[in-house]
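At position 11 of the sequence shown (counting the first as 1) the number is 11 in UniProt numbering, and the numbers step up by one without a gap. Comments concern the structure below.
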Amino acid sequence: MAYKPPKQGLAGQIFDVLTLLVLTVGALYIPLYLGLAGAAKVPNPIANPTWEALGQNATEQQQWAALGITDPAAANDIITARFDYSFSWVALIVMAVLVIGYFVMVVRLSDKEYREVIEERFGKKP
């Protein structure tokens with residue numbers, strides 16, 4: 001006897017797809033909206049910048065000119081900007097707890113559903 005899984009209606013499938021879509025988009029964009037991700041750069045401008053002081057050679061100067069930037073002062077903030085690699089230990093611990101908690105929840109729910117399918121297919125244990 002072949003196993004026949006329960007059927008899901010069209011409305012349920014559409015709801016599942018929309019829920020997953022909202023969760024996926026939310027997981028990608030909410031950190032950006034909250035300022036928790038993205039290119040956080042801290043400019044360290046030089047007073048009276050020259051191409052040489054900014055460490056740019058003749059070839060790099062030509063590339064800046066190709067971008068429409070011919071004045072070293074205009075490129076000063078871009079060239080001297082550095083990524084801010086600081087982080088919060090509290091945020092790291094909270095994220096670790098959330099990821100581990102999610103993993104435990106998925107394993108437990110999957111185990112429960114797996115046992116239900118086995119019971120449905122083969123019957124209860126004697």
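From the three backbone atoms N, C-alpha and C, an ideal C-beta is built for every residue, glycine too.
Rounded distance between the beta-carbons of residue j and residue i, thought under 8 Å
i: alanine 73; j: proline 43; result: Incorrect: roughly 12 Å between the Cβ atoms, too far for contact.
i: tryptophan 51; j: glutamine 62; result: Not really, about 11 Å apart at Cβ, beyond 8 Å.
i: lysine 41; j: arginine 82; result: 6 Å
Under the three-state DSSP convention, the category residue i falls into
i: lysine 112; result: helix
i: phenylalanine 87; result: coil
Own chain residues within Cβ distance below 8 Å of residue i, not counting five before or after
i: proline 45; result: Asn76, Asp77 and Thr80
i: tyrosine 102; result: none
Beta-carbon contacts of residue i that lie in its chain and below 7 Å, excluding the five residues immediately before and after
i: alanine 53; result: Ile46
Beta-carbon proximity list for residue i, same chain, < 6 Å, skipping 5 on both sides
i: isoleucine 69; result: Ala75
Ordered list of alpha helix (DSSP H) runs contained in the stretch 5-64, each at least 4 residues
Secondary structure within the stretch 5-64: the alpha helix (DSSP H) runs of 4 or more consecutive residues, fully enclosed, are 10-33 (chain order).
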